[in-house]
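Asks: Anchor point for the sequence shown: position 4 equals 12 in our numbering, and the numbering is continuous, going up by one each time.
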Amino acid sequence: MKLRLSLLLLLALAGGACAADKTMKSSTTPTAKDALECKPGEISACGLPSNVVIDMSKAKLKRTDAEWKALLTPRQFQVARKQGTEPPFQNEYWNHHEDGVYFCVCSETPLFDSRDKFESGTGWPSFTKPIEKALVGETEDVSYGMIRVEVHCNVDGAHLGHVFDDGPRAQGGLRYCINSASLKFMPRADYDKWVAKNGTK
9 MKLRLSLLLL LALAGGACAA DKTMKSSTTP TAKDALECKP GEISACGLPS NVVIDMSKAK
69 LKRTDAEWKA LLTPRQFQVA RKQGTEPPFQ NEYWNHHEDG VYFCVCSETP LFDSRDKFES
129 GTGWPSFTKP IEKALVGETE DVSYGMIRVE VHCNVDGAHL GHVFDDGPRA QGGLRYCINS
189 ASLKFMPRAD YDKWVAKNGT K
């Protein structure tokens, strides 16, 4: 509760805050900027935790919190299982440029390709699209006085981040703002071997 109050107070005081979603509605944030205008340290819609109920009825992989805690690091658990958000510019993949595929950290489901990754300037890994749309679920998130779209892995319900409509227009105009803690990277050569062995999901 204290964390939520602190975040709301910070939003109210941040006159130069960067609200990444152009359609976002909020009485405590200024006019939205394009994601590429965000500077280190500015607040963005991407940077606030999510507060949605993820529909787990169709999830193929289900575990208890105790089981997830045994498999994940504390940060991975907080972000992927409790809808937390890691700090911008202080996470594993925000400035990662190796060729390959990003898997869900919870189910090892291939979700995003490095070929669809771009520099958004927000401090989080950003992608124009998932590898397969059906593997990434969406839930409306109206927390913090904003209207955002939360995204999660449909296989295990892991919170990934949010999707916004301020991405590169030539690639569809979407920006999947994803937490590094929810991802696990596999180099292209290893991914090709993985596909040969497991097929595509």
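Beta carbons: idealized from backbone N, C-alpha and C, even for Gly.
Decide yes or no for the touch test of the stretch 157-171 against the stretch 179-187: beta carbon pairs closer than 8 Å, at least 3 of them.
Replies: Taking 8 Å as the limit for Cβ pairs, the verdict is that the stretch 179-187 does touch the stretch 157-171.
Asks: To which residues of the same chain is residue 197 closer than 6 Å at the C-beta, ignoring the five residues directly before and after it?
Replies: The answer is none, since no qualifying residue turns up.
Asks: Going along the chain, which unbroken runs of the alpha helix (DSSP H) with 4 or more residues stay wholly within the stretch 152-184?
Replies: DSSP runs (the alpha helix (DSSP H)) wholly in the stretch 152-184: none.
Asks: Note down the Cα distance separating residue 151 from residue 204, rounded to an integer number of angstroms.
Replies: Looking at the two C-alpha atoms, the distance is approximately 42 Å.
Asks: Compute the distance between the beta-carbons of residue 149 and residue 137, then report whether it is under 7 Å.
Replies: Not in contact: residue 149 and residue 137 (Cβ atoms no closer than 7 Å).
Asks: For residue 100, which residues of its own chain have a beta-carbon under 7 Å away from its beta-carbon, when the five flanking residues on both sides are left out?
Replies: So the list reads 188, once near-sequence residues are dropped.
Asks: State the DSSP-derived secondary structure class of residue 77, mapped to helix, strand or coil.
Replies: Three-state result, residue 77: helix.
Asks: Taking the straight line between their C-alpha atoms, what separation do you get for residue 93 and residue 159?
Replies: Roughly 13 Å between the two C-alpha positions.
Asks: Considering only the alpha carbon of each residue, which of 133, 164, 142 lies closest to residue 122?
Replies: Among 133, 164, 142, the Cα nearest to that of residue 122 belongs to 133.
Asks: Pull the bridge partners of residue 101 from the DSSP assignment, please.
Replies: Paired residue(s): none; residue 101 is not in a bridge.
Asks: So the alpha helix (DSSP H) residue 201 belongs to, where does it begin and stop?
Replies: Start and end: 196-206.
Asks: Please report the straight-line C-alpha distance between residue 97 and residue 126, rounded to a whole angstrom.
Replies: When rounded, the distance between both Cα atoms is 14 Å.
Asks: Excluding the five sequence neighbours on either side, which residues of its own chain have a C-beta within less than 6 Å of the C-beta of residue 64, listed in chain order?
Replies: 165, listed in sequence order.
Asks: Between which residues of its own chain and residue 233 is the CB-CB distance below 6 Å, once the five residues before and five after are set aside?
Replies: Nothing can be reported for residue 233, as the shown portion of the chain is limited to 9 through 209.
Asks: Could you have a look at residue 125 and say whether DSSP puts it in helix, strand or coil?
Replies: Strand at residue 125.
Asks: Mind checking which residues open and close the beta strand (DSSP E) that includes residue 146?
Replies: Note, residue 146: beta strand (DSSP E), 144-149.
Asks: Using CA coordinates, which residue listed in 190, 207, 206 is at the minimum distance from residue 82?
Replies: Considering only alpha carbons, the answer is 190.
Asks: According to DSSP, simplified to helix, strand and coil, what is residue 192?
Replies: In the structure shown, residue 192 sits in a strand (DSSP, three-state: E or B).
Asks: Residue 109 and residue 80 look like a contact to me (Cβ under 8 Å); what is the Cβ gap, rounded to whole Å?
Replies: About 20 Å; that fails the 8 Å criterion.
Asks: Thinking residue 163 and residue 208 are a contact (beta carbons under 8 Å), I'd like their distance in whole angstroms, please.
Replies: Not confirmed; about 13 Å, so no contact.
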